[in-house]
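To start, the structure under review is shown below, and the notes come after it.
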Amino acid sequence: MQSQAATVKEYLASLDPDRRKAIEAVRKVIKANLDPKIKEVMSYGMIGYCIPKSVYPPGYHCSPEQPLPFMNVASQKNHMAVYLFMIYGNEGEVSWFETEWKKTGKKLDMGKACLRFKKLEDVALDVLGEAVRRMPADKFIAQYEAVLARGSAGKKKAATKKKATKKKAAKKKAIKKAVKKAPARKKSAKKTATREKPS
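Below is the structure:
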């Protein structure tokens, strides 16, 4: 559920009191552990934390004109969410996060990198804060570029395989076509041996 709020202050003011309290608490923990290079903005209708283009000029590969997303916090229709883009694709960090969260005894409701909760008490704030602290801007940029490189290599390999398969199929089709067009060979007449009858 995207908000039309132009600023974080406007976004928070638009929330009902309980949700505002929860989002503000999560926001406070994030900002306390955030690398100074990462800036808070309104992004995709949510509170966002991004690597500004002054720090990472290439921007987000899906929309190069946009800064690189680090994480987002939002109040959705049926829940609140923290989008942990900074650990997406990093199995080590995801595993660490899940393990540490489990130690708190709180139930973890998370997709690939989307942490969902309905009330503040559901959130392990110390684990969330540590996850943010563990990922400074430079480390995240290096991780992001490594993930992109793996993706590009995979696409290139798939394209090469597809091209080879297509070429093989075309060759097979050409051979089949040539065989079909070739004139049928005439069966050679069998020589019939004539036996002489005994007189």
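In full-length UniProt numbering, the protein residues as written are 1 to 199. Each residue gets a CB set at the ideal place from its N, CA and C atoms; glycine is no exception.
**Item:** Span of the beta strand (DSSP E), counted from its first residue to its last, around Leu128
**Value:** Along the sequence shown, one-based indexing puts residue 128 at 128. Leu128 -> not in any beta strand (DSSP E); alpha helix (DSSP H) instead, spanning Leu125 to Arg133.
**Request:** Could you tell me whether any non-hydrogen atom of the ligand SAM is closer than 7 Å to the CB of Asn90?
**Result:** The ligand SAM is not part of the structure shown, which contains no ligands of any sort.
**Asked** CB-CB under 6 Å to Lys53, same chain, minus the five flanking residues each way: which ones, in chain order?
**Response** Indexing the sequence shown from 1 puts residue 53 at position 53. Here the set comprises Gly59 and Pro67.
**Asked** Does the distance from the CB of Val94 to the CB of Leu115 come in under 8 Å?
**Response** As a working note, residue 94 is residue 94 in the sequence shown. As a working note, residue 115 is residue 115 in the sequence shown. With contacts defined by Cβ atoms closer than 8 Å, Val94 and Leu115 do not form a contacting pair.
**Asked** residue 225: buried (16+ other C-beta within 10 angstroms of its C-beta) or exposed?
**Response** A query on residue 225 cannot be resolved here, the shown segment of the chain reaching from 1 to 199 and no further.
**Asked** Pick from Ala137, Val73 and Ala149: whose alpha carbon is nearest that of Leu27?
**Response** Stepping through the sequence shown from its first residue, residue 27 is reached at position 27. Note on identity: in this sequence residue 27 is Arg, with Leu being the wrong assignment. The shortest C-alpha separation from Arg27 is found at Val73.
**Message:** For Val127 and Leu15, what's the separation of their Cα atoms in angstroms?
**Reply:** For the purposes of this step, residue 127 is taken as residue 127 along the sequence shown, with counting starting at 1. For the purposes of this step, residue 15 is taken as residue 15 along the sequence shown, with counting starting at 1. Computed Cα separation, rounded: 25 Å.
**Prompt:** Can you give the Cα-Cα distance for Met135 and Ala25, rounded to whole angstroms?
**Reply:** Reading the sequence shown from its first residue, position 135 is the one you call residue 135. Reading the sequence shown from its first residue, position 25 is the one you call residue 25. Near 20 Å, if we compare the C-alpha coordinates of Ala25 and Met135.
**Item:** For Cys62: DSSP bridge partner residues
**Value:** Here residue 62 refers to the residue found at position 62 when the sequence shown is read from its first residue. Checking the DSSP bridge columns, you'll see Cys62 has no partner listed.
**Message:** Here's the rule: buried if 16 or more other CB atoms are within 10 angstroms of the residue's CB, otherwise exposed. What is Leu148?
**Reply:** On the sequence shown, residue 148 is found 148 positions in, with the first residue counted as 1. In this structure Leu148 is exposed. Its beta-carbon is surrounded by fewer than 16 other beta-carbon atoms within 10 angstroms.
**Message:** According to DSSP, is Asn33 part of a helix, a strand, or is it coil?
**Reply:** By 1-based counting over the sequence shown, the position of residue 33 is 33. Here Asn33 carries a helix assignment [DSSP, helix/strand/coil].
**Item:** Distance CB(Leu34)-CB(Ile23) smaller than 8 Å
**Value:** Position 34 of the sequence shown, counted from the first residue, corresponds to residue 34. Position 23 of the sequence shown, counted from the first residue, corresponds to residue 23. Against a cut-off of 8 Å, the Cβ pair of Ile23 and Leu34 comes out as no contact.
**Asked** What is the DSSP secondary structure of Leu108, reduced to helix, strand or coil?
**Response** Counting from one through the sequence shown, the residue named residue 108 turns up at place 108. Leu108: coil per DSSP, three-state reduction.
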